[in-house]
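S.K.: If you scroll down you'll find the structure; I have some questions about it.
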Amino acid sequence: MALLAPAYLWLTLAVFLPLAVMLFFSFLHAAPFGHRPLILTLEQYRAFLQRPYLLDVAWRSISLALWTTGLCAAIGLPAAVALARATRGRSRQVLFLLIVLPFWTNGLVRIFSWTMVLREGGILDLALHAVLPSAPHFALLYSYPAIVIGLTHAYLPYMILTCYLSVSAIDDALIEAAQSMGARVPVIFAKIVLPLSLPGLMSGAILIFVPVIGCFMEPRILGGRVGVTMGTVIEDQFTQAFNWPLGAALSFIMLAVVLVIFGLTSRAVTTGPTAPLRA
Amino acid sequence: MAQLGRAWLLAVVVFLYLPIAVMIVMAFNASPLYALPIQPSLIWFDTLASDTELLDATRNSLIIAMFTAVIATALGSLAAIALARHAFRGRSLLRLLLLPPIAIPWLITGTAMLVFFFWTGIGRGLHAMLIGHVALAIPYVVIVIGTGLETLRADLDEAAMGLGSTPLHAFFAITLPLLAPSIIAAALFAFAVSLDQFVVSYFLAEPGVTTLPVEIYSSIRKGFTPEINAISTIFLGVSTLLVLLFARLSNLGGARGRR
Amino acid sequence: MVGVEVVGISKFYGPTLVLDDVTASFAAGGFTSLLGPSGSGKTTLLRIIAGFVEPSIGRIRFGDSDVTGEPVWRRNIGMVFQSYALFPHMSVRDNVLFGLHRRGVRGETARREVRRALELVHLEGFDHRRPKELSGGQQQRVALARAIVTRPRVLLLDEPLSALDRRLRQGMQIELRRIQRDSGLTTIFVTHDQEEALTLSDEIAILDGGRIVQRGAPTDIYERPRNRFAATFLGDTNFFTGPVRRGGIEIGGFLICTSGSVPTDRSTATLAIRPEKMRLEAPGSLEADEHSNRLVATVREIVYAGATSTLLLNADDGTSIKLLSQNREGAGPGVGTRVLLAWSRGDTIVIPD
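Chains as they are written, first to last, in this note's numbering: chain C, 1150 to 1428; chain X, 8 to 266; chain B, 8 to 360.
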């Protein structure tokens, strides 16, 4: 099929081959430039397990991703439910567009916009002073919470979108049937809405967790010196420390984690409580 | 209950747009320290005009985005057509192979490209970024056009052939005109993907040869200048326009036409 | 226009045999229906004749030329699809012009042909409308105009009326027949609706399981079905199976005969009679009659349908019988009544097992 060749050839050259080469690099002692001998070794991977610093950073990345995903779910699911069930027609269209619009605009710009709000002298600080003039200067910027806020803000639309798709697919008749049997809102939410929006939650979680694990620009911009994640460490290897084999190894460890997540969650999505409905 | 839900929804929307609103306002604030009250001014937009680095980066971004749109749409359309028509062995696998560029964190893909291009002598710079951007845009193009093709009826081709069209003629007379909106939408998508792309550009940029997002990032790292607000506002405006155009063309925004 | 011939057509999809050695000829200028349930292979046969599908074995001839290897776009056919398949981005006129342009007919000649075709289907003046502005029936007629304007060698229709509602359908059936007669095109029409086939066709070919089960003029096939499938697919039938005695079969003490002979090479045989051919007789009239069959039965249920009534009865041995009669006189027998059924021997059909 000649039609497929150009696109896949391009992808091979730009994505698959580079990944393969980087995999190869991850098993080297040192980058093979300037006539250095090619020594195959597992030391880069071992370094990850042996250096507590790296394990610590890895854990920070995971917990950052968990916090972000959790907040997005907590904020996003109710919003999605509200969008699907409490709005109609024109207002729903407008709200939907408003929510989806941000995530098509440049992520860097959106992160940057938070610096305006969180910095010392920024909006938050000024607002606080408007209420409590004698309070000390308040700067959330360059702190861990700032990173979490920025990431949550950036990825919230994903979660709202995926949850909305799941929730809007819930048949009204199910809710009405529950109501006719005497169920009140909390029960309906817990027993019907929540389980049936699980696929949406899961897809949203994947869409958020994976990029956040690998993020580096957000921690740097919003976290400054505090913003150290797996992503920033890997980026350092390539731009500062020039230890490409180590960077490669760390990248593939991260990739492995990502693939494991895909593997686990795809099974959950297809065998969850609504699996028979979707079969 | 519904009231509560709507209130929450509104709060979420405010949360989503608050920092952006602040940034846009500050772009028009003459004070270099972002002091209030706001002194409306276009001064930062003026200084933009003479910031050659930023302008060069913008020009690079636009050029790469245009080329990416053309190349990715061309390659992706062909692939989408081949994948849509007849089921063949290996089709699912090929479809799966489109996922890595989107699913793998761009950090990994970007650094892999850096490594590979350096090693094979392709090097860094505009051409390298172009190669990277096209690769990242292709999956999106295939998805958009694939969806468009699905809504295309197969019997139209047959009707054309029954009336004397060769398959090639049927493609140009029937399929292509009906696919046009999807193709344009895909091109816009590819353009937007390239314009917004930061991570891969970051690794493949050379000193002096960068794109707008990379340049903005360096400026931020060097220290805040209000110019960044100005250029970001412009950037945001352009992106928004593209999105609205795209939504128009591909009838996106799930709520449209939904119950 | 020419006749169409299919010789020894078989089609395999993987291990599944969809058409089994089908041989038939379609007379030039005639209207033939391919009738059968879904899965019978009728659409596959049509698509093989059109050229969309290649037969695994066999040949197709249009008149004198063998078109088996020819791709569909060179066969000069006119095809009407179930979904009409009008080009949505073109006007009605451009749709109809399409085939003409492909054959090199352009300019004023082409436009004249389009006008003629639209007149034929009673859609004059619709030139500049778009398909989505048309009703189902109108789209149907545009599809027809588009197919016949190029004066194809054969006109193929794949269940073109099944998307229309009943009233429109009946109107279109009459239109279709008129257009076909006026244009004189050899027409092959696929349908699963037996009434439609009976109304429209010069000849019907019944397909079941990839084979032509029976072929002939509508009255022939209806009055003389040659096997069980043909008898039940086209209309309703009452079947009587019983031991062969004295040139007929014995059912509940009565002798049922045909005007011909009953096969004597086995001990039982099956005879059939259509529900509308039976009549009710006064219980007392048991005079022997060489031309009629008689049977006693009990009325189980009456299905009233305004102009007609269907009586569901049970013979004494439990055989279920259906009788269809016009409601000419007042009320008929009530449920539970024992009645005497009678019908002509000439109408009785032998069903081979």
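Yeah, the Cβ is synthetic: ideal placement off N, Cα and C, and Gly gets one too.
Keep in mind the model is a prediction, meaning the values are calculated, not measured.
#1: Indicate whether at least one CB of chain C lies closer than 8 Å to the CB of Gly12/X.
#2: Check for me: the beta strand (DSSP E) holding Thr317/B runs from which residue to which?
#3: Does Gly264/X have its Cβ less than 8 Å from a Cβ in chain B?
#4: Using 8 Å as the threshold, is the C-beta distance between Ile1337/C and Ile1248/C below it?
#5: Counting only Cβ pairs nearer than 7 Å, list the residues of chain X close to Phe1365/C.
#6: Below 7 Å CB to CB, which residues in the same chain sit around Thr1393/C once its five sequence neighbours on both sides are set aside?
#7: Anything in chain X within Cβ reach of Arg1259/C, meaning under 8 Å, just list it in chain order.
#8: Quick check on DSSP: helix, strand or coil for Val269/B?
#9: Using alpha carbons as the reference points, say which of Ala9/X, Arg160/X, Met136/X and Thr154/X lies closest to Ser84/X.
#10: Considering only the alpha carbon of each residue, which of Gly1376/C, Arg1195/C, Leu1166/C and Thr1218/C lies closest to Leu1177/C?
#11: Distance check for Val1230/C and Ser208/X, CA to CA, integer angstroms please.
#12: Using a Cβ-Cβ cut-off of less than 7 Å, give me the residues of the stretch 69-92 of chain B that come near chain X, in sequence order.
#13: Would you mind working out which of Ile181/B, Gln146/B and Ile186/B sits nearest Ala170/B, comparing C-alpha positions?
#14: Of all the CB atoms in chain B, is at least one closer than 8 Å to the CB of Thr173/X?
#15: As a quick exercise: from Leu1273/C, Pro1227/C, Ala1154/C and Thr1217/C, pick the residue whose alpha carbon is nearest that of Val1342/C.
#16: Consider the Cβ of Leu163/X: report whether some Cβ of chain B lies at a distance smaller than 8 Å.
#17: Could you work out which residue in Asp323/B, Thr315/B, Asp324/B and Leu320/B is closest to Glu336/B when comparing CA atoms only?
#18: According to DSSP, is Leu114/X part of a helix, a strand, or is it coil?
#19: With the cut-off set at 8 Å, would you say Ala1156/C and Gly139/X are in Cβ contact?
#20: Quick one: give me the first and last residue of the alpha helix (DSSP H) that Pro26/X is part of.
#21: Opposite Gly85/B in the DSSP bridges: which residues?
#22: Ile1383/C touches chain X at which residues, Cβ-Cβ below 9 Å?
#23: Between Gly267/B, Gly255/B, Thr265/B and Arg218/B, which has its C-alpha nearest Gly46/B's C-alpha?
#24: Three-state secondary structure (DSSP) at Pro1425/C?
#25: So for Ala1204/C, helix, strand or coil by DSSP?
#26: Take every Cβ of the stretch 172-189 of chain X, pair it with every Cβ of the stretch 49-58 of chain X, and state whether three or more of those distances are shorter than 8 Å.
#27: Tell me whether the stretch 101-116 of chain X and the stretch 215-230 of chain X touch, counting them as touching only if at least three CB pairs, one residue from each stretch, are closer than 8 Å.
#28: Are the C-beta of Arg113/B and some C-beta of chain X separated by less than 8 Å?
#29: The alpha helix (DSSP H) with Ser225/X in it runs from where to where?
#30: Nearest to Gly36/B by CA position, among Glu202/B, Leu162/B and Ala124/B, is which residue?
#31: Considering only C-alpha positions, which residue in the set Gly1219/C, Arg1237/C, Ser1292/C and Ala1207/C is nearest to Gly1373/C?
#32: Near Arg1416/C, which residues of its chain fall below 7 Å by C-beta distance, leaving aside the five closest residues on each side in sequence?
#33: Let me see if you follow: with CB-CB separation under 8 Å, is Gly261/X close to chain C or not?
#34: Out of curiosity, what's the CA-to-CA distance linking Ile181/B and Arg66/B?
#35: CA-CA distance, Ala1235/C and Arg13/X?
#36: Any contact between the stretch 86-96 of chain X and the stretch 153-167 of chain X? By contact I mean 3 or more CB pairs, one from each, below 8 Å.
M.R.: From the atom records:
#1: Reading the second sequence from its first residue, position 5 is the one you call residue 12/X. Closer than 8 Å: yes.
#2: As a first step, residue 317/B must be located in the third sequence, where it is residue number 310. Thr315 to Ala322 is the span of the beta strand (DSSP E), which, as asked, contains Thr317/B.
#3: On the second sequence, position 257 is the one that residue 264/X refers to. Per-residue confidence for Gly264/X stands at a pLDDT of 32, beneath the threshold of 50, marking its modelled position as unreliable; the derived number appears in the next sentence. No, Gly264/X lies away from the interface with chain B (no Cβ there is under 8 Å from its Cβ).
#4: Mapped onto the first sequence, residue 1337/C falls at position 188. Mapped onto the first sequence, residue 1248/C falls at position 99. No, they are not a contact pair.
#5: Sequence index remark: in the first sequence, residue 1365/C carries index 216 (1-based). Within chain X, the residues near Phe1365/C are Leu114.
#6: Position 244 of the first sequence, counting from 1, holds the residue named residue 1393/C. A small fix is needed here, since residue 1393/C is Trp in this sequence, not Thr. Phe1174, Ala1180, Gln1386 and Phe1387, listed in sequence order.
#7: Against the first sequence, residue 1259/C aligns to sequence position 110. Correct list: Pro26 and Ile27.
#8: Position 262 of the third sequence, counted from the start, is the residue given in the question as residue 269/B. Here Val269/B sits in coil by DSSP.
#9: As a working note, residue 84/X is residue 77 in the second sequence. Ranking Ala9/X, Arg160/X, Met136/X and Thr154/X by Cα distance to Ser84/X puts Thr154/X first.
#10: As a working mapping, residue 1177/C is identified with position 28 in the first sequence. It is Arg1195/C whose Cα lies nearest to the Cα of Leu1177/C.
#11: The sequence position of residue 208/X within the second sequence is 201, counting from 1. The sequence position of residue 1230/C within the first sequence is 81, counting from 1. Ser208/X and Val1230/C: Cα-Cα distance of roughly 37 Å.
#12: Val79, Trp80, Ile84, Met86, Phe88, Ser90 and Ala92
#13: The residue given as residue 170/B occupies position 163 in the third sequence. Comparing Cα positions, the closest option is Gln146/B.
#14: For the purposes of this step, residue 173/X is identified with residue 166 of the second sequence, where counting begins at 1. It does: the Cβ of Thr173/X has a partner Cβ on chain B nearer than 8 Å.
#15: Along the first sequence, one-based indexing puts residue 1342/C at 193. Nearest of Leu1273/C, Pro1227/C, Ala1154/C and Thr1217/C to Val1342/C, Cα basis: Pro1227/C.
#16: Position 156 of the second sequence, counted from the start, is the residue given in the question as residue 163/X. Judged by the 8 Å Cβ criterion, Leu163/X is in contact with chain B.
#17: Taking the third sequence and counting its residues from 1, one reaches residue 336/B at position 329. Looking at the Cα atoms, Thr315/B is the closest of the given residues.
#18: Locating residue 114/X in the second sequence gives position 107, counting from the first residue. Helix.
#19: The sequence position of residue 1156/C within the first sequence is 7, counting from 1. The sequence position of residue 139/X within the second sequence is 132, counting from 1. Result no, Cβ atoms of Ala1156/C and Gly139/X do not sit closer than 8 Å.
#20: The residue given as residue 26/X occupies position 19 in the second sequence. Run containing Pro26/X: Ala9 to Ala34, per the alpha helix (DSSP H) assignment.
#21: Counted from its first residue, the third sequence places residue 85/B at position 78. Per DSSP, Leu162/B.
#22: Here residue 1383/C refers to the residue found at position 234 of the first sequence. The contacting residues are Leu114, Ile115 and Thr118.
#23: As a working mapping, residue 46/B is identified with position 39 in the third sequence. Closest option to Gly46/B, Cα to Cα, is Arg218/B.
#24: Along the first sequence, read from residue 1 onward, the residue named residue 1425/C stands at position 276. Residue placement at Pro1425/C is flagged as unreliable, the pLDDT there being 48, under the threshold of 50; the coordinate-derived value follows with that caveat. Three-state result, Pro1425/C: helix.
#25: As a working note, residue 1204/C is residue 55 in the first sequence. Residue 1204/C is actually Leu in this sequence, not Ala. Of the three classes helix, strand and coil, the one that applies to Leu1204/C here is helix, per DSSP.
#26: no
#27: no
#28: Start at 1 with the first residue of the third sequence, and residue 113/B comes out as number 106. No, its Cβ sits nowhere closer than 8 Å to a Cβ of chain X.
#29: Mapped onto the second sequence, residue 225/X falls at position 218. Segment Leu219 to Lys229, the alpha helix (DSSP H) holding Ser225/X.
#30: Looking up residue 36/B in the third sequence gives position 29. Among Glu202/B, Leu162/B and Ala124/B, the Cα nearest to that of Gly36/B is on Leu162/B.
#31: Here residue 1373/C refers to the residue found at position 224 when the first sequence is read from its first residue. Checked all of Gly1219/C, Arg1237/C, Ser1292/C and Ala1207/C; the closest Cα to Gly1373/C is Ser1292/C.
#32: Taking the first residue of the first sequence as position 1, residue 1416/C is located at position 267. Excluding positions up to five away in sequence, the list is empty.
#33: Here residue 261/X corresponds to residue number 254 of the second sequence, with the count starting at 1. Here the model assigns Gly261/X a pLDDT of 33, short of 50, so the residue's position is not dependable and the matter cannot be decided.
#34: Counted from its first residue, the third sequence places residue 181/B at position 174. Counted from its first residue, the third sequence places residue 66/B at position 59. So the alpha carbons of these two residues sit roughly 33 Å apart.
#35: Sequence index remark: in the first sequence, residue 1235/C carries index 86 (1-based). Sequence index remark: in the second sequence, residue 13/X carries index 6 (1-based). Each residue's Cα considered, the two are about 7 Å apart.
#36: yes
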